[in-house]
Every structure is written in structure tokens, then in C-alpha cells.
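Participant: This is the structure I want to talk about, given as C-alpha cells.
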Amino acid sequence: MARASARHILVKTEDECNELRSEIVNGAQFSDLAAKHSLCPSGKQGGELGEFGPGQMVKEFDTVVFSAPVGEVQGPVKTQFGYHLVEVTAREE
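In this note's numbering, the protein residues as written are 108 to 200.
Okay, here's the thing in C-alpha cells:
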């Protein structure tokens with residue numbers, strides 16, 4: 108069974124998500140931005156969500172985690188919770 112590890116930053120607006128993505132592209136650390144901006148409690152751990160399998164996260168999030176290249180920041184990803192930047196940190200098929 109596939110397993111993945113990922114980290115994310117959850118914010119309220121698509122604009123804020125795009126701004127944070129630009130900061131990462133320009134050299135900001137994902138974990139620092141997660142700690143400062145993420146609305147999810149995981150922000151305190153740099154956005155780390157740990158390891159999980161398919162179907163354990165909401166559909167839109169799951170789709171990205173189990174298809175995106177490892178190590179590339181994806182997003183904005185819209186879910187019922189808001190907008191996410193997502194980085195898959197590891198995946199086993």
C-alpha cells in the first residue's frame with residue numbers, strides 16, 4: 108500500500124497562498140513560513156503531517172500528495188479548510 112509523508116501551510120485565501128509560494132521560490136524556508144502563517148496546528152512543527160496512506164486526508168489534498176513529485180511545492184490547493192501549499196517529503200508506492 109502506498110504511503111507518503113508531507114508538510115503543508117494552510118491559509119484562508121488564495122492570494123496569501125500565492126504570496127507564500129513566491130517567498131519560498133525566492134528562498135524562504137517552508138518550515139519557517141508554516142510556523143508563522145499556517146492555520147493548522149502542524150505549523151508548529153514546520154507543517155509536518157507525518158506519514159499517511161491514501162484516503163486519510165481530504166480528496167483534493169490526497170490527489171496532490173499521491174501524484175506530485177517529491178520535494179516540489181504544490182499549490183494553492185483548495186480544500187474545505189482553506190488553501191494549502193503542499194510539499195511531499197517522501198512517498199513509497
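Every residue, glycine too, gets a C-beta built ideally from N, C-alpha and C.
Computed from a predicted structure; not experimentally measured.
Does DSSP put GLY160 in a helix, in a strand, or in coil?
Facilitator: Taking the first residue of the sequence shown as 1, we reach residue 160 at position 53. Three-state DSSP puts GLY160 in coil, outside helix and strand.
Participant: Which residue marks the beginning of the alpha helix (DSSP H) containing VAL171, and which one marks its end?
Facilitator: For the purposes of this step, residue 171 is taken as the residue at position 64 of the sequence shown. Taken as a continuous stretch (DSSP letters only), the alpha helix (DSSP H) holding VAL171 covers 166-172.
Participant: Mapping DSSP to helix, strand and coil, what is LEU117?
Facilitator: Translated into the one-based positions of the sequence shown, residue 117 becomes position 10. In the three-state reduction of the DSSP assignment, LEU117 falls in the strand class.
Participant: Here's the rule I'm using: 16 or more other beta-carbon atoms within 10 Å means buried, otherwise exposed. How should GLN187 be labelled?
Facilitator: Taking the sequence shown and counting its residues from 1, the one referred to as residue 187 is at position 80. Its Cβ having fewer than 16 others within 10 Å, GLN187 is exposed.
Participant: Could you pull the DSSP bridge partners for GLN187 from this structure?
Facilitator: To locate residue 187, count along the sequence shown from 1; it is residue 80. Per DSSP, none; premise fails for GLN187.
Participant: Buried or exposed: which applies to SER129, given that a residue is buried once 16 or more other Cβ atoms fall within 10 Å of its Cβ?
Facilitator: Here residue 129 is taken as the residue at index 22 of the sequence shown, counted from 1. With fewer than 16 other Cβ atoms within 10 Å, it is exposed.
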